[in-house]
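Number of protein chains: 2
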Amino acid sequence: MNTTREDSPAYLEKKRFFDSLMTVYGRKTVFEALQDPATYLYRLHLAKSNKPAEILTDIICLAEQKGAEIIYHDRQALSRISKNSAQDQGVAADLQLRGYQHYDKFLQDNRQQKYNLIALDGVHNPQNLGMIIRSACAGNIDGILLPQKGNAQIDPLVIKASAGTVFRAPLLRCKDLTEALMDFKQKGAIVCALSSHATTELKKFSPEKACIYVLGNETEGVSHAVQKLCDESVKIPMNNGVESLNVAVTAALIAFR
Amino acid sequence: MNTTREDSPAYLEKKRFFDSLMTVYGRKTVFEALQDPATYLYRLHLAKSNKPAEILTDIICLAEQKGAEIIYHDRQALSRISKNSAQDQGVAADLQLRGYQHYDKFLQDNRQQKYNLIALDGVHNPQNLGMIIRSACAGNIDGILLPQKGNAQIDPLVIKASAGTVFRAPLLRCKDLTEALMDFKQKGAIVCALSSHATTELKKFSPEKACIYVLGNETEGVSHAVQKLCDESVKIPMNNGVESLNVAVTAALIAFR
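If you want it as structure tokens, here you go:
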């Protein structure tokens, strides 16, 4: 049996493992991530050019305690790993987080459940993304469907705004949001857009099935392509002529309904 | 009758008028504030050193339409008015906002009402303050009790995060929060702190009287002096071991109960 074949169980398992890793960078970020006992560290990447620093000693010590591989790279190679040489500070880490998985896996495991998800369709502001993760993690949300493109990337700003909850939040990775939503719909879930133009109020909306609440871009709202897939559209009524709520506030109101 | 006497009706009226003014600064901020037809502009202050610019022409035009006094100052005098020479960009405006008043006035007008207020006890982050104002203005909150010291000042960052709602939000000014809270208590209101250590859940708390919900500092929570005045303390239960919510998220959950 040739284990390099793309449909072989060994290949798929390996792919699933690498897909489950999240690479974070920045000294404080990596240090905080490693302090969480539930964070599994696969590899710690360090720039050979790093000068000695207390926080680096602490990071290496934590990595050794977790039994992780520690690799030293030249500056350019590290940049390719962190994908952000301006902010990585010579440190990156491949983490396996307890809540981070491909949405496929979630769908398999929760086929019959009446879950509630939040899907993000163009949330660009890192602080908003971090706050959404924090509120969803604290509230009654079973997963945050996060497309790889089109939203803020999980960077130190996001991690800070999440108050570190990104390391334990149920994050469901997908490539393309419309594809993922179609998969969820096929398995019986309802897709519901938040929109100030909707007629139904969030408070009066109580779906009988699993539901995915889609939050759109800070300025543009939910994209046209995603809107077309939505079964429902709900609004949050506002006083004093206020036209919209911050997207992270909207997420919190859904998470704590 | 000597109208300069500090207890004369004319003096008190004049004081009430000047107390009702909010001075904002920064070109974009002032421009946006003046675009709201409900904003009354008392005085526009400009630095003599300003070079011609389109936005300045627009600001002057709006000020003239509003029949306001326009005063040109040397740079130092303008700094004393804006209290932020680094960010005023040579422009400041004394505004009378529809929702901005001293808490005394609110107490007088709402003696028998079952109002809900949010009081801020050390919210330092301008973005949090702006978001709190936006959510409270959109939700079911009758006023935001904002002490002059100890919280972020209303600056361009706050105004931006408030999405401009600061110009219409019900802001109740006070000098000292403990003094104001004692006044409210004396008039029959309940004071309730938000605290993760509380035993009562926010959802299960339904006061029969007017209520002031106190939100504390982002790190420290409600101050000791204010805690001593609180009749109640409520929490928002959280999942996944999350220890706290962002203060602006907490405000939104109160505003949209």
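Residue numbers (numbering that gives the first Met the number 0), protein chains in the order written: chain A, 0 to 256; chain B, 0 to 256.
No residue lacks a Cβ here, since even glycine has one placed at the ideal position from N, Cα and C.
Listing by chain order, which chain A residues have their CB less than 7 Å from the CB of residue i?
i        : result
B:Ser194 : By Cβ distance, chain A contributes nothing, its closest Cβ being about 15 Å from B:Ser194, past 7 Å.
Starting from residue i, trace the alpha helix (DSSP H) in both directions and tell me its first and last residue.
i        : result
A:Gly129 : 125 to 137
B:Ala28  : It is worth fixing the name first, because residue 28 of chain B is Thr in this sequence and not Ala. From DSSP, the alpha helix (DSSP H) with B:Thr28 extends over 26 to 34.
B:Lys13  : 8 to 18
B:Thr249 : 246 to 254
B:Gln75  : 74 to 81
A:Thr228 : The residue asked about is misnamed: residue 228 of chain A is Leu in this sequence, not Thr. Where A:Leu228 is concerned, there is no enclosing alpha helix (DSSP H), given that its DSSP letter is neither H nor E.
B:Val157 : 155 to 160
Mark residue i as exposed unless 16 or more other C-beta atoms lie within 10 angstroms of its C-beta, in which case mark it buried.
i        : result
A:Ser205 : exposed
A:Asp108 : exposed
B:Gln126 : buried
B:Asn1   : A caution first: B:Asn1 carries a pLDDT of 49, below 50, which makes its placement in the model too unreliable to give a value.
B:Gln64  : exposed
A:Lys203 : exposed
B:Leu176 : buried
B:Asn115 : buried
B:Ile54  : exposed
A:Met181 : exposed
A:Gln34  : exposed
B:Asn150 : buried
B:Arg4   : exposed
A:Pro51  : exposed
B:Ala135 : buried
B:Arg15  : exposed
B:Cys210 : buried
A:Ser48  : exposed
Name the chain A residues that come within less than 8 Å of residue i, Cβ to Cβ?
i        : result
B:Phe255 : Ile235, Leu252
Pull the bridge partners of residue i from the DSSP assignment, please.
i        : result
A:Pro146 : A:Cys173
A:Arg42  : A:Glu68, A:Asp93
B:Val221 : Beta-bridge pairing links B:Val221 to no other residue.
B:Ala118 : B:Leu144, B:Val213
A:Val295 : Residue 295 of chain A is absent from the structure shown; chain A starts at 0 and stops at 256.
B:Met21  : B:Leu94
A:Val233 : A:Leu193, A:Thr199
A:Tyr99  : A:Leu170
Got a sec: is the Cβ-Cβ distance from residue i to anything in chain D below 7 Å?
i        : result
A:Cys136 : Looking for chain D here will not work: the only protein chains present are A and B.
List, in order along the chain, the chain A residues whose C-beta lies closer than 9 Å to that of residue i?
i        : result
B:Asn239 : Gly98, Cys136, Ala137, Thr164, Arg167, Ala168, Pro169
Can you pull the chain B residues whose beta carbon is under 7 Å from the beta carbon of residue i, in chain order?
i        : result
A:Asn245 : Met130, Arg133
Identify the contact partners of residue i in chain B, using a Cβ-Cβ distance below 8 Å as the criterion.
i        : result
A:Gln126 : Gln126
A:Val248 : Met130, Arg133, Ser134, Ala247, Val248, Ala251
Return yes when the C-beta of residue i is under 6 Å from any heavy atom of the ligand COA, and no when it is not.
i        : result
B:Phe105 : In the structure shown, the ligand COA is absent, as is every other ligand, since no ligand is present at all.
(message) I'd like to know if the segment 174 to 191 of chain B and the segment 152 to 165 of chain B are in contact, where contact means that at least 3 CB-CB pairs between them fall below 8 Å.
(response) By the C-beta criterion, the segment 174 to 191 of chain B is judged not to be in contact with the segment 152 to 165 of chain B, since fewer than 3 inter-stretch pairs fall below 8 Å.
(message) With three or more beta-carbon pairs closer than 8 Å as the criterion, would you say the segment 234 to 241 of chain A touches the segment 237 to 246 of chain B?
(response) By the Cβ test, the segment 234 to 241 of chain A is not in contact with the segment 237 to 246 of chain B, since fewer than three Cβ pairs between them sit closer than 8 Å.
(message) For the structure I just gave you, are there three or more beta carbon pairs, one from the segment 217 to 233 of chain B and one from the segment 113 to 129 of chain A, closer than 8 Å?
(response) Judged by Cβ distances under 8 Å, the segment 217 to 233 of chain B makes no contact with the segment 113 to 129 of chain A, as fewer than three pairs qualify.
(message) Taking contact to mean 3 or more Cβ pairs, one atom from each stretch, closer than 8 Å, check whether the segment 44 to 58 of chain A and the segment 70 to 89 of chain A are in contact.
(response) Three or more pairs of CB atoms, one per stretch, sit closer than 8 Å, so the segment 44 to 58 of chain A contacts the segment 70 to 89 of chain A.
(message) Quick test of the definition: if touching needs 3 or more C-beta pairs under 8 Å, does the segment 19 to 29 of chain B touch the segment 83 to 99 of chain B?
(response) Segment contact: the segment 19 to 29 of chain B against the segment 83 to 99 of chain B, three or more CB-CB distances shorter than 8 Å; contact assigned.
(request) Please determine if the segment 164 to 178 of chain B and the segment 219 to 236 of chain B are in contact, where contact requires at least 3 C-beta pairs separated by less than 8 Å. (result) As far as the Cβ criterion goes, the segment 164 to 178 of chain B touches the segment 219 to 236 of chain B, which means the pair count is three or higher.
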